[in-house]
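Everything below concerns the one structure shown next.
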Amino acid sequence: MEAGLLDFAPCVQMARLPPLCRLCMIWSTTAEACMTENHSAYLICGTPRSGTTLLCEMLYRSGIAGRPNSYFREVDITWWAGQWGVSLSEGTGGPSFDRAYLAAMREAASAGTGICGLRIMYRSLKDAGRRMERALAVTSDLPTLFRAAFGPLLYVYISRDDKLGQAISLVRAEQTGLWHLNADGSVLEGAEERPDPVYDRNRISTVLAELEEDGRAWEAFFAAHGIAPLRLTYEGLTAGPQRALMEIFGRLGLSQDAAKSIAVPTAKMADATSRVWAERFETERGAR
Numbered sequence: 001m002e003a004g005l006l007d008f009a010p011c012v013q014m015a016r017l018p019p020l021c022r023l024c025m026i027w028s029t030t031a032e033a034c035m036t037e038n039h040s041a042y043l044i045c046g047t048p049r050s051g052t053t054l055l056c057e058m059l060y061r062s063g064i065a066g067r068p069n070s071y072f073r074e075v076d077i078t079w080w081a082g083q084w085g086v087s088l089s090e091g092t093g094g095p096s097f098d099r100a101y102l103a104a105m106r107e108a109a110s111a112g113t114g115i116c117g118l119r120i121m122y123r124s125l126k127d128a129g130r131r132m133e134r135a136l137a138v139t140s141d142l143p144t145l146f147r148a149a150f151g152p153l154l155y156v157y158i159s160r161d162d163k164l165g166q167a168i169s170l171v172r173a174e175q176t177g178l179w180h181l182n183a184d185g186s187v188l189e190g191a192e193e194r195p196d197p198v199y200d201r202n203r204i205s206t207v208l209a210e211l212e213e214d215g216r217a218w219e220a221f222f223a224a225h226g227i228a229p230l231r232l233t234y235e236g237l238t239a240g241p242q243r244a245l246m247e248i249f250g251r252l253g254l255s256q257d258a259a260k261s262i263a264v265p266t267a268k269m270a271d272a273t274s275r276v277w278a279e280r281f282e283t284e285r286g287a288r
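Under full-length UniProt numbering, the residue at position 115 of the sequence shown is numbered 115, and the numbers go up by one with no gaps.
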């Protein structure tokens, strides 16, 4: 087992204990872990098109900070399970699957570095909680579950000041199927052949409201649990990605010098079309 990460083997025995005893086991473990400043994992909290992919790619390419990804995204669970060799013979909704899945996730997310990297969007939190509860055979709040599953956790919250630009970016990705480009302009994630995007004021308005709602929900989550995350913005990340990595490495107790040599792996996708859409949306919104 990698240093700083909790072992899932006791979960089978834990499941046979009364709920109060199971909670006591988790609380005692996490309380001891939280007495140290050393983090064994980090959780990138964000909303779609806020820069999390750029951040995750750079963290992985550092070679010292695990391999963060959206491992709790429900529509991807079966795909990840297949990649990791987790049995699907009993489906994906039972405790035995969740124990095996979280163990495999921990290994993949740490990538041999001893630091577990995770990414999650607000709307995946409930699904993550359900899976951790089944795996750990206990009911508790999300921060306790994350600590029990991954050890002392650094929360990194990345948001985007330009919410309209964020909404437009998401709508364009939905329409075209193109989500991310490599730095050389080739496709990192999405369709090679794609339709031209079409301006849709109603969809942009809906997505904008959803992104603003998710931002407020993240703030409420942090406040409710007394969490002071490391805060980054899309604008700050794209202007100085190495500086953002240095902040994270510093909090994780890793060498900040490692951030200086990491090249930016993705290309910005906003273009003249995005600007035209934003101007048109603002004009139409002002006329209402």
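The C-beta atom is built at its ideal place from N, Cα and C for all residues, glycine as well.
Values in this document were obtained by computation on a predicted structure and should not be read as measured data.
Residue i classed as buried or exposed, judged by whether at least 16 other C-beta atoms fall within 10 angstroms
i	result
L88	exposed
A287	exposed
V276	exposed
W79	exposed
H225	exposed
S261	exposed
R285	exposed
residue 368	Past the edges of the chain, shown from 1 to 288, lies residue 368, and the structure says nothing about it.
S169	buried
T266	buried
D161	exposed
Close beta carbons around residue i, own chain, < 8 Å, minus the five adjacent residues each side
i	result
F249	S62, I64, A65, S255, Q256, A258 and A259
E212	K163
I227	P143, Y155 and F221
6 Å CB neighbourhood of residue i in its chain, flanking five on each side removed
i	result
S28	At S28 the pLDDT is 42, less than 50, meaning the model places this residue with poor confidence and gives no usable figure here.
P197	R172, Q175 and T176
S70	R119
H39	P152, L154 and L252
V86	A100, Y101 and A104
Own chain residues within Cβ distance below 7 Å of residue i, not counting five before or after
i	result
F281	L164, R201 and I204
G215	T47 and S159
W218	C45, Y122 and Y157
D127	F72 and E74
T30	Per-residue confidence for T30 stands at a pLDDT of 40, beneath the threshold of 50, marking its modelled position as unreliable; no derived number is given.
R130	none
P229	C45, Y155, V156, Y157 and F222
K268	T238
E247	L230
S50	I158, S159, R160, Q166 and Y234
P241	L54, M58 and V264
Proximity to residue i [Cα-Cα], best of the options
i	options	result
P68	G94, E189 and R106	R106
C56	A244, P195 and K126	A244
G112	V207, A41 and S274	A41
A108	T233, W84 and G94	W84
N182	V264, A81, V86 and T283	V264
A167	S110, A278, E189 and L43	A278
T52	H39, A272, G91 and T238	T238
R194	W179, L208, G93 and R251	W179
Y199	A272, G94 and S140	A272
Y234	E189, A270, S140 and F97	A270
Would you be able to state if there are at least three C-beta pairs under 8 Å between the stretch 105-123 and the stretch 146-153?
-> When C-beta atoms of the stretch 146-153 are compared with those of the stretch 105-123, three or more pairs fall below 8 Å, so the two segments count as touching.
Should the stretch 92-102 be called in touch with the stretch 133-152, which here means at least 3 C-beta pairs below 8 Å?
-> yes
Entirely within the stretch 187-222 and at least 3 residues each: give me those beta strand (DSSP E) ranges in chain order.
-> 187-190, all fully within the stretch 187-222.
What residue ranges within the stretch 61-141 form continuous beta strand (DSSP E) runs of no fewer than 3 residues, ordered along the chain?
-> 116-121
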